[in-house]
Every structure is written in C-alpha cells, then in structure tokens.
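Enquirer: A single structure is presented below for examination.
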Amino acid sequence: MQIFVANWKMHKTRPQAKAFLQALAPRIKNYPNAEIWIAPPFTALAELSANSSIKRGAQNFYPADQGAFTGEISAEMLKDVGVEFILIGHSERRTLFQETDALIHLKVKAALKHDLLPILCVGESLKEREAKEAFSVIENQIRQALKEVPPTKIVLAYEPVWAIGTGKSATVQMASEMHAYCRSILEKMWGQEWALKTPILYGGSVNQDNAKEFLKNPEIQGVLVGGASLEVEKFIQIIQGGV
Ligand code: PGA
C-alpha cells in the first residue's frame, strides 16, 4: 500500500472540487494498492464525504475543544463532518502563520484525543541544509512534536521547505537518507515495531515526472502533493507511478 495525499491548500470552490472528484473516482478504481487521501479547504469537505474510498482530511485546526477562538475550528468539529486525518506542522503554517513547535505539539495531542490521524510534517530550510543542520532540525521537530506522546498511529511527512511549491524537489537520495534518519529517531522514541509501521511520506514539488522514482524507494511509503494534486490528470499520473 502506498499513500497519495493531495493537499489542495487554498484552492477549489465546491463546484471545482466536485468536478475534480467526479473525474477522479472512476480512474482510481484501477489502483487498488493506492490509498488516496485528500485535504481540501474546509468549505469543500462536504463534496468529499460523498466518495467513500477517499480518505478525508483537513489542513488545519485549533487545538482547544471549544471556546472563544474567533475564526478557528476544533478537532471535534472536523471529526463530526467526517474528517479522518489532519496535516500538522506544514511549513506554510510554520512560516506564514508563525506556528511554533509548542503549538504543533498541542495539535498532535488534540488530534489524537479526537481520533484524527495526524500527518506530522517536518522539513528544513535551505539555509539549514546549507549549514549542514538538516538532520538536527528534523530531529528537533519530531522530538518536540511527539514529546511524551506514547507510541501511536501517525504518518510522518518529510517536506524540505526549499522544495515546497518551488519546482525544485529533493533528490531521491536526500529523501531516502532523511526518511531513514526519521525512522531511527522514531525507533529511539517508540521502539522498532512502531518505527517500522509508521509511514513516512515525501513532499515538495512531487509531480507526474518524478513521483515514480520516489515511490520506487523502499524508504518512501507515499507522497504528499500540493500543486500537482490540483489537476486530475497530473494526480492520476502520480498515482500510476506507485508500485
Ligand atoms: P508542492 O506542495 O507539491 O506544491 O510542492 C507540497 C506541500 O505543500 O505539501
């Protein structure tokens, strides 16, 4: 099984989401080994509920159960409308919305409390990679996010910040090395069994041309796709690249 996550970010109205899903549904039947997960904007979630083979996700939430948090939405509310997984720690949230490791940690705990599967995103900036800090940055992000969290089902996504939305993906070797490193950290924290069963996805400028190479690598259990997940044809070609 390989996981294909579409992160639509702030794209698609309801009619656009509906048209996409109508075109996608008959095509994914050909790929029974592909798990298709989509995180649309909140407003298009209801379009997704109609299609049961696709896992429904959200891109954001606030880690309190309820209260005076104008503009925010809780894990319980998302669960209530059929959301199954949630992106946490995406670099756009970290940089554009100043989300800290402490907030990300609270989000992981709140998601788990409400039985939402976290996709924990980690990634280093270009400056950090050039300074040879990539491994320590990633280790720190994982350790902070999962601090005192007992072994449990999550998905990890390695998304180098410099590769997101830039058209400049990491090499398969870079991703594979970092995935192995992430798994070694999980092993230290959670033991070998959990480290082995936690899927680690690669994200950052995945497209129809490079997906196959990533997906062939045994360290990579799937891909998290932004831009190229907005068009059915491109997304299907990415899924076709699976093994
Ligand atoms: P991209 O985005 O595929 O457009 O680089 C990936 C992501 O942000 O998850």
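In this text, residue positions in the sequence shown follow my numbering: the first is -15, and each later residue adds one.
Virtual Cβ for every residue (Gly too), placed ideally from N, Cα, C.
1) Quick one: residues in its chain with C-beta nearer than 6 Å to the C-beta of R77, no 5 flanking neighbours on either side, listed in chain order?
2) How about D85 and N124: are their beta carbons less than 9 Å apart?
3) Between E108 and I88, what straight-line distance do the alpha-carbon atoms span, to the nearest angstrom?
4) Buried or exposed: where does F53 fall if 16 or more other Cβ atoms within 10 Å of its Cβ makes it buried?
5) So is the beta-carbon of N194 under 8 Å away from any non-hydrogen atom of the ligand PGA?
6) Just to confirm my understanding: we take M162, look at its own chain, exclude 5 residues before and 5 after, and list those with CB closer than 6 Å. What are they?
7) How would you label E19, buried or exposed, when you count the other beta carbons within 10 angstroms and need 16 or more for buried?
8) Assign F81 to one of two classes, buried (16 or more other C-beta atoms within 10 Å of its C-beta) or exposed (fewer than that).
9) Starting from A30 and walking both ways along the alpha helix (DSSP H), at which residues does that stretch end?
10) Taking G225 as the reference, which of N14, A59 and C105 has the closest Cα?
11) Tell whether a beta-carbon distance below 9 Å holds between I122 and V156.
12) What does A18 pair with, by DSSP beta-bridge criteria?
13) Can you tell me the Cα-Cα spacing of Q6 and K(-7), whole angstroms?
14) If the criterion is Cβ atoms closer than 9 Å, does the pair S75 and C105 meet it?
15) Which same chain residues end up closer than 6 Å to Q192 when comparing Cβ atoms and leaving out the 5 residues on each side of it in sequence?
16) From which residue to which residue does the beta strand (DSSP E) around K63 run?
Expert: To lay it out plainly:
1) For the purposes of this step, residue 77 is taken as the residue at position 93 of the sequence shown. So the qualifying residues of the chain are E83.
2) Residue numbering aside, residue 85 sits at position 101 when the sequence shown is read from its first letter. Residue numbering aside, residue 124 sits at position 140 when the sequence shown is read from its first letter. Yes; because the gap between Cβ atoms is below 9 Å, this pair is in contact.
3) Within the sequence shown, the letter at position 124 stands for residue 108. Within the sequence shown, the letter at position 104 stands for residue 88. So the two alpha carbons sit approximately 16 Å from each other.
4) Residue 53 sits at position 69 when you count from the first residue of the sequence shown. Exposed.
5) Numbered from its first residue, the sequence shown carries residue 194 at position 210. Result no, Cβ not under 8 Å from the ligand PGA.
6) Along the sequence shown, one-based indexing puts residue 162 at 178. Excluding sequence neighbours, M162 sits near Y142.
7) Mapped onto the sequence shown, residue 19 falls at position 35. Buried: at least 16 other Cβ atoms inside 10 Å.
8) Taking the sequence shown and counting its residues from 1, one reaches residue 81 at position 97. It is exposed - the Cβ of F81 has fewer than 16 other Cβ atoms within 10 Å.
9) As a working mapping, residue 30 is identified with position 46 in the sequence shown. It spans L29 to S33 - the alpha helix (DSSP H) in which A30 sits, taken as one unbroken run.
10) Counted from its first residue, the sequence shown places residue 225 at position 241. Closest option to G225, Cα to Cα, is N14.
11) As a working mapping, residue 122 is identified with position 138 in the sequence shown. As a working mapping, residue 156 is identified with position 172 in the sequence shown. Contact: no.
12) Position 34 of the sequence shown, counted from the start, is the residue given in the question as residue 18. Q(-14), per the DSSP bridge assignment.
13) Taking the first residue of the sequence shown as 1, we reach residue 6 at position 22. Taking the first residue of the sequence shown as 1, we reach residue -7 at position 9. Looking at the two C-alpha atoms, the distance is approximately 20 Å.
14) Against the sequence shown, residue 75 aligns to sequence position 91. Against the sequence shown, residue 105 aligns to sequence position 121. Yes, the pair counts as a contact, with Cβ atoms nearer than the cut-off.
15) Mapped onto the sequence shown, residue 192 falls at position 208. Excluding residues within five positions, the ones whose Cβ falls inside 6 Å are K218, Q221 and I222.
16) Stepping through the sequence shown from its first residue, residue 63 is reached at position 79. Segment A59 to D64 is the alpha helix (DSSP H) holding K63; no beta strand (DSSP E) there.
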